[in-house]
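S.K.:
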Amino acid sequence: TGGQLDTPTTRAFYMGKYEVTQEQYEAVTGTNPAEFKGPKNPVETVSRDGAQEFCKKLSAKTNRTIQLPTEAQWEYACRAGTRTRFYSGDADADLDAVAWYDANSKGTAHHPVGEKQANAWGLYDMHGNVMEWCFDFFDEGYYSISPLENPQGSPNVFANHVLRGGAWSTGDFAGTPGGELYSSFRQSAPGNGFGAGGCRCAASIAKSPVIQRIITTHAGTVSASFLVKKLFPPGCAGRIEYATGLPKSSR
Numbered sequence: 734t735g736g737q738l739d740t741p742t743t744r745a746f747y748m749g750k751y752e753v754t755q756e757q758y759e760a761v762t763g764t765n766p767a768e769f770k771g772p773k774n775p776v777e778t779v780s781r782d783g784a785q786e787f788c789k790k791l792s793a794k795t796n797r798t799i800q801l802p803t804e805a806q807w808e809y810a811c812r813a814g815t816r817t818r819f820y821s822g823d824a825d826a827d828l829d830a831v832a833w834y835d836a837n838s839k840g841t842a843h844h845p846v847g848e849k850q851a852n853a854w855g856l857y858d859m860h861g862n863v864m865e866w867c868f869d870f871f872d873e874g875y876y877s878i879s880p881l882e883n884p885q886g887s888p889n890v891f892a893n894h895v896l897r898g899g900a901w902s903t904g905d906f907a908g909t910p911g912g913e914l915y916s917s918f919r920q921s922a923p924g925n926g927f928g929a930g931g932c933r934c935a936a937s938i939a940k941s942p943v944i945q946r947i948i949t950t951h952a953g954t955v956s957a958s959f960l961v962k963k964l965f966p967p968g969c970a971g972r973i974e975y976a977t978g979l980p981k982s983s984r
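So the sequence shown is numbered by our numbering: it starts at 734 and just counts up by one.
Below, the structure is given as structure tokens:
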């Protein structure tokens with residue numbers, strides 16, 4: 734479904750610069766569930782529980798709390814301060830430069846991460862390539878009743894899970910060109926793995942300050958910058974790179 738979130742706040746956090754690749758997933762878990770093999774391709778056909786297990790094992794390797802991003806974190810990171818349909822702008826033509834989706838993938842399932850242009854905060858493939866599991870359970874009306882600070886998603890553990898960003902195989906939604914790739918588009922699905930579903934990591938920052946209101950509506954401003962951080966998890970083939978949103982006063 735479409736529609737921007739309300740105006741929650743989130744605490745500062747690290748966000749994966751790229752979608753988790755197959756070589757990273759296999760190095761951490763010892764398995765590669767992907768149907769479309771390629772070490773630099775995003776891992777897909779990974780279940781939501783499988784994505785969470787990857788985060789749990791990576792947490793143990795790095796001594797850092799890592800999990801799937803919440804919806805609030807994901808949309809904040811995707812928009813990178815923008816208020817447009819895509820982080821590249823409002824025009825459908827703007828999408829080709831930043832995303833692999835049905836109109837330009839030409840039936841090729843998945844591409845190596847980072848081939849398209851990053852957003853203003855240095856994050857790649859936030860639109861397209863693979864849909865990304867979020868931490869949250871899906872609830873259509875959750876953000877009308879959620880806490881404003883650091884919402885964690887619906888408490889209904891029997892609900893479907895949230896996916897964001899669209900994929901190589903998606904595009905229009907209900908007659909809206911590019912609708913499934915909007916920064917605001919919310920997808921729900923059971924937790925099973927499927928060929929268009931992947932993941933990206935987020936990491937907490939201890940005692941992090943609250944970032945100003947997330948740009949998910951047309952009101953408010955954000956005075957934050959993204960700093961690129963690099964983690965080299967022990968035993969990982971291929972580094973996990975993160976960017977973090979921190980208010981300038983907290984650098």
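Note that beta-carbon positions come from the ideal geometry of N, C-alpha and C, so glycine has one too. Values in this document were obtained by computation on a predicted structure and should not be read as measured data.
CB Asp823 to CB Thr817, shorter than 7 Å?
M.R.: The sequence position of residue 823 within the sequence shown is 90, counting from 1. The sequence position of residue 817 within the sequence shown is 84, counting from 1. Closer than 7 Å, so yes.
S.K.: From the DSSP output, which residues share a beta bridge with Gly930?
M.R.: By one-based count along the sequence shown, residue 930 stands at place 197. Beta-bridge pairing links Gly930 to Met864.
S.K.: Buried or exposed: where does Thr763 fall if 16 or more other Cβ atoms within 10 Å of its Cβ makes it buried?
M.R.: On the sequence shown, position 30 is the one that residue 763 refers to. Reading the sequence as shown, one finds Gly at residue 763 and not Thr. Gly763 is exposed by the Cβ-count criterion.
S.K.: So, Glu752 versus Pro772, is the Cβ gap smaller than 7 Å?
M.R.: The residue labelled residue 752 in the question sits at position 19 within the sequence shown. The residue labelled residue 772 in the question sits at position 39 within the sequence shown. Going by C-beta atoms, Glu752 is not nearer than 7 Å to Pro772.
S.K.: With distances taken from CA atoms, which of Leu896, Arg797 and Glu913 is nearest Gly924?
M.R.: Counting from 1 along the sequence shown, the entry for residue 924 is found at position 191. Gly924 has its Cα closest to that of Leu896, out of Leu896, Arg797 and Glu913.
S.K.: Hey, Val831 and Thr754: beta-carbon distance below 7 Å or not?
M.R.: Sequence index remark: in the sequence shown, residue 831 carries index 98 (1-based). Sequence index remark: in the sequence shown, residue 754 carries index 21 (1-based). No, these two residues do not count as a Cβ contact at 7 Å.
S.K.: For the alpha helix (DSSP H) holding Arg812, just list the boundary residues, first then last.
M.R.: In the sequence shown, counting from the first residue as 1, residue 812 sits at position 79. Here the alpha helix (DSSP H) through Arg812 covers Glu804 to Arg812.
S.K.: If Val863 and Glu808 are in contact, beta carbons under 8 Å, what's the gap, nearest whole angstrom?
M.R.: Within the sequence shown, numbered from 1, the residue matching residue 863 stands at position 130. Within the sequence shown, numbered from 1, the residue matching residue 808 stands at position 75. Actually they do not touch by this definition, with Cβ atoms about 17 Å apart.
S.K.: Going by the DSSP bridge assignment, what does Thr754 pair with across the sheet?
M.R.: As a first step, residue 754 is located in the sequence shown; it is residue number 21 there, counting from the start. BP columns for Thr754 point to Pro775.
S.K.: Pick helix, strand or coil for Val761, following the three-state DSSP scheme.
M.R.: In the sequence shown, the residue the question calls residue 761 occupies position 28. Residue state, collapsed to three classes: helix.
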